[in-house]
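What follows is a short report on a single structure.
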Amino acid sequence: MVEDIKEEKEITASDLVAQFGQYDPKLDLSGYQHPALDLLKDYGGGKITINQQELEANKNRIVDTLRNYSIEIESIKATIGPTVTLYEIIPKPGVRISKIKNLEDDIALSLAALGIRIIAPMPGKGTIGIEVPNSSPEMVSMRSVLATEKFQKTDMDLPIALGKTISNEVYIADLAKMPHLLVAGATGQGKSVGINAILTSLLYKKHPAELKFVLVDPKKVELSLFKKVERHFLAKLPDDGDAIITDTKKVINTLNSLCIEMDQRYDLLKNAQVRNLKEYNAKFINRRLNPEEGHRFLPYIVLIVDEFADLMMTAGKEVETPIARLAQLARAVGIHLVIATQRPSVNIITGTIKANFPARLAFRVLSKVDSRTILDTGGADQLIGRGDMLLATGSDLIRIQCAFVDTPEVEQISDYIGAQRGYPSAFMLPEYVDENGDGSGSVDFDPKDRDQLFEEAARLIVMHQQGSTSLIQRKLKLGYNRAGRIIDQLEAAGIVGPFEGSKAREVLYPDEYSLEQFLETLRKDN
Numbered sequence: 001m002v003e004d005i006k007e008e009k010e011i012t013a014s015d016l017v018a019q020f021g022q023y024d025p026k027l028d029l030s031g032y033q034h035p036a037l038d039l040l041k042d043y044g045g046g047k048i049t050i051n052q053q054e055l056e057a058n059k060n061r062i063v064d065t066l067r068n069y070s071i072e073i074e075s076i077k078a079t080i081g082p083t084v085t086l087y088e089i090i091p092k093p094g095v096r097i098s099k100i101k102n103l104e105d106d107i108a109l110s111l112a113a114l115g116i117r118i119i120a121p122m123p124g125k126g127t128i129g130i131e132v133p134n135s136s137p138e139m140v141s142m143r144s145v146l147a148t149e150k151f152q153k154t155d156m157d158l159p160i161a162l163g164k165t166i167s168n169e170v171y172i173a174d175l176a177k178m179p180h181l182l183v184a185g186a187t188g189q190g191k192s193v194g195i196n197a198i199l200t201s202l203l204y205k206k207h208p209a210e211l212k213f214v215l216v217d218p219k220k221v222e223l224s225l226f227k228k229v230e231r232h233f234l235a236k237l238p239d240d241g242d243a244i245i246t247d248t249k250k251v252i253n254t255l256n257s258l259c260i261e262m263d264q265r266y267d268l269l270k271n272a273q274v275r276n277l278k279e280y281n282a283k284f285i286n287r288r289l290n291p292e293e294g295h296r297f298l299p300y301i302v303l304i305v306d307e308f309a310d311l312m313m314t315a316g317k318e319v320e321t322p323i324a325r326l327a328q329l330a331r332a333v334g335i336h337l338v339i340a341t342q343r344p345s346v347n348i349i350t351g352t353i354k355a356n357f358p359a360r361l362a363f364r365v366l367s368k369v370d371s372r373t374i375l376d377t378g379g380a381d382q383l384i385g386r387g388d389m390l391l392a393t394g395s396d397l398i399r400i401q402c403a404f405v406d407t408p409e410v411e412q413i414s415d416y417i418g419a420q421r422g423y424p425s426a427f428m429l430p431e432y433v434d435e436n437g438d439g440s441g442s443v444d445f446d447p448k449d450r451d452q453l454f455e456e457a458a459r460l461i462v463m464h465q466q467g468s469t470s471l472i473q474r475k476l477k478l479g480y481n482r483a484g485r486i487i488d489q490l491e492a493a494g495i496v497g498p499f500e501g502s503k504a505r506e507v508l509y510p511d512e513y514s515l516e517q518f519l520e521t522l523r524k525d526n
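Residue 191 in UniProt numbering sits at position 191 of the sequence shown, with consecutive numbering throughout.
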């Protein structure tokens with residue numbers, strides 16, 4: 001019998017697809033055009049000029065320095081990158097790797113170069129790597145990276161073009177697989193350019209129906225250029241004037257609102273019997289989910305926080321708790337976090353946050369301690385600045401020259417998107433009422449200080465004859481704290497019984513008629 005019903009559902013969905021075609025989430029903005037590459041500048045054409053004399057001189061100096069310490073090598077080869085050249089050496093048998101590793105400062109002295117890094121051994125190669133900065137570094141333009149076939153033909157869900165590696169290959173990462181990214185670096189080392197590179201890559205690749213950004217900018221000036229794409233790509237709280245959040249109080253409310261959005265998405269996934277956002281949207285597009293049951297097409301949501309240290313200093317746990325919760329749970333429902341800070345100290349990047357951000361991007365930092373805080377190893381203190389960065393993804397550490405995108409280019413991209421027809425408003429996140437806002441925290445029932453949704457919740461509880469917080473949360477789309485306070489108020493008013501562990505509370509009113517009479521007396525008393 002169950003199989004027959006299932007088959008009927010399948011047939012109905014197939015019939016709908018045959019009659020109307022698949023659901024098209026892009027239909028509302030079917031005329032939307034992605035930004036053109038012409039809006040970006042080409043700095044230096046992306047070609048690397050090889051200074052053969054410099055290469056040979058560096059090779060000889062490295063060999064001589066090692067020989068001074070009685071270290072003989074079998075071979076040395078160079079791989080030239082935009083800002084750094086990698087010299088790979090194979091030492092003769094019997095040479096201890098640690099001996100070479102300890103000569104970092106001596107090699108830097110002999111080459112008269114800053115930012116030398118020794119990788120001993122090179123992962124999966126059987127060689128020892130010595131990274132030496134080029135005397136005339138090349139700038140990597142965003143245009144040269146986005147124009148590559150690798151980026152144009154990628155099938156990643158959220159491709160971010162970070163720049164070029166030391167072997168001069170374009171490096172593209174999938175934010176959906178990361179699934180969250182922690183960015184750190186001292187002031188002026190390229191963090192904001194890195195954030196712009198992430199935003200630009202996604203704006204070039206995704207349609208407004210597929211992606212929304214929640215932008216948090218305590219500095220108030222870094223992300224303001226993206227205000228023009230509000231009706232296309234930004235998400236915000238209802239009744240919130242500005243989509244780019246700069247006020248700490250609003251940040252807390254927005255993060256909690258994202259937690260509610262996450263919980264609602266998990267409910268939708270559970271009802272659709274799927275495990276992640278991709279499967280859910282595929283089912284929805286094939287008309288196998290009914291919008292009348294609350295199902296909708298779910299865009300990816302990317303939260304970008306430009307200066308996390310400021311939030312942690314002003315709000316602390318109030319910010320850390322929702323961020324840790326989102327980082328732990330939100331990847332399956334398509335919510336991803338990019339968090340940047342210029343102070344990678346342990347009181348800013350706490351253990352809880354660090355544990356949930358496996359992908360970390362480090363620009364130059366001022367000390368080895370900061371490097372260890374962000375990457376769990378040294379190295380970021382030896383970078384040369386100006387967009388030189390290390391990306392840690394699990395056990396790998398990749399050195400990349402960040403793709404440069406300048407402010408006028410970002411402005412042109414925002415203008416281009418903003419000039420096109422957008423949605424009537426920004427994407428609305430669920431309403432979140434702050435714990436200290438509406439509602440009371442006391443168990444004594446005060447009719448004057450009850451939640452705005454008290455009566456609606458009471459009717460809901462009596463109609464279902466089930467006194468549970470999760471029912472109020474789900475049906476009224478509230479956060480856990482507010483729903484819990486309403487249940488406490490219902491208990492104090494005598495509508496539900498006391499807490500009974502894992503069981504639902506007893507409902508003390510048998511029907512809606514008797515409840516309405518009680519509510520009427522409450523109104524009169526009030």
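The beta-carbon is built from N, C-alpha and C at its ideal position, and this holds for glycine as well.
- With fewer than 16 other Cβ atoms from the protein chains shown falling within 10 Å of its own Cβ, H34 counts as exposed.
- Residue burial annotation: N196 is buried, with at least 16 other C-beta atoms found within 10 angstroms of its C-beta.
- Looking at the DSSP output, L182 sits in a beta bridge with I339, R360.
- Scanning its chain for C-beta atoms nearer than 8 Å, with the 5 sequence neighbours on each side dropped, one finds around L311 the residues V216, P218, T248, V251, V305, V319, in chain order.
- Counting other Cβ atoms within 10 Å of its Cβ, G163 reaches 16 or more and is therefore classed as buried.
- Of the candidates F454, P133, N102, K101, the residue whose Cα lies closest to the Cα of A78 is P133.
- For F233, the three-state secondary structure derived from DSSP is helix.
- Counting along the chain, L114 sits inside no alpha helix (DSSP H), nor does DSSP assign it H or E at all.
- Using a C-beta cut-off of 8 Å, the stretch 403 to 414 makes contact with the stretch 218 to 238, since at least three inter-stretch Cβ pairs fall below that distance.
- An exposed status is given to Q52, since fewer than 16 other beta-carbon atoms sit within 10 Å of its beta-carbon.
- The three-state secondary structure of K26, taken from DSSP, is coil.
- A Cβ-Cβ separation of about 4 Å places G334 in contact with Y300 under the 8 Å criterion.
- The continuous alpha helix (DSSP H) containing P408 extends over residues 407 to 418.
- The stretch 384 to 396 and the stretch 416 to 433 do not touch, with fewer than three beta-carbon pairs separated by less than 8 Å.
- Excluding the 5 residues flanking it on each side, Q465 has same chain C-beta neighbours closer than 6 Å at V507, in chain order.
- When the beta-carbon positions are compared, L237 and T254 come within less than 8 Å of each other.
- In the structure shown, F297 adopts coil according to DSSP, grouped into three states.
- Under the 8 Å Cβ criterion, the stretch 333 to 347 counts as touching the stretch 362 to 375, having at least three qualifying pairs.
- Within the DSSP bridge table, the entry for L391 names L361, I398 as partners.
- Boundaries of the alpha helix (DSSP H) around V319: 317 to 329.
- Going by C-alpha positions, V302 is about 8 Å away from L211.
- Collapsing the DSSP output to three states places A197 in a helix.
- Taking all protein chains in view, the Cβ of G379 is crowded by 16 or more other Cβ atoms within 10 Å, so the residue is classified as buried.
- With the rule of 3 Cβ pairs closer than 8 Å, the stretch 147 to 156 does not count as touching the stretch 99 to 116.
- Take A209, set aside five residues on each side of it, and the residues of its chain with a beta-carbon closer than 6 Å to its own are P25, K26, in chain order.
- Rounded to the nearest whole angstrom, the C-alpha separation of Y513 and E222 is 57 Å.
- In the three-state DSSP reduction, S257 falls in the helix class (H, G or I).
- In this structure, the beta-carbon distance from K41 to R143 falls below 8 Å.
- Assignment of D64 by DSSP, reduced to helix, strand and coil, places it in the helix class.
- The beta carbon of Y32 sits closer than 8 Å to the beta carbons of K26, H207, P208, H232, Q420, R421 from its chain, once the five residues preceding and following it are set aside; these are given in chain order.
- Cβ neighbours of N356 within its own chain (closer than 8 Å, five residues either side excluded): H180, A324, A327, Q328.
- Taking one beta carbon from each stretch, the stretch 261 to 275 and the stretch 289 to 298 have 3 or more pairs nearer than 8 Å; the two touch.
- Residue range 159 to 165 is occupied by the beta strand (DSSP E) that includes T165.
- Annotation for L39: no beta strand (DSSP E) segment contains it, and DSSP assigns it neither H nor E.
- Less than 8 Å separates the beta-carbon of I285 from that of Y23.
- Of all alpha-carbon atoms in L55, V183, F427, N58, the one lying nearest the alpha-carbon of M389 is that of V183.
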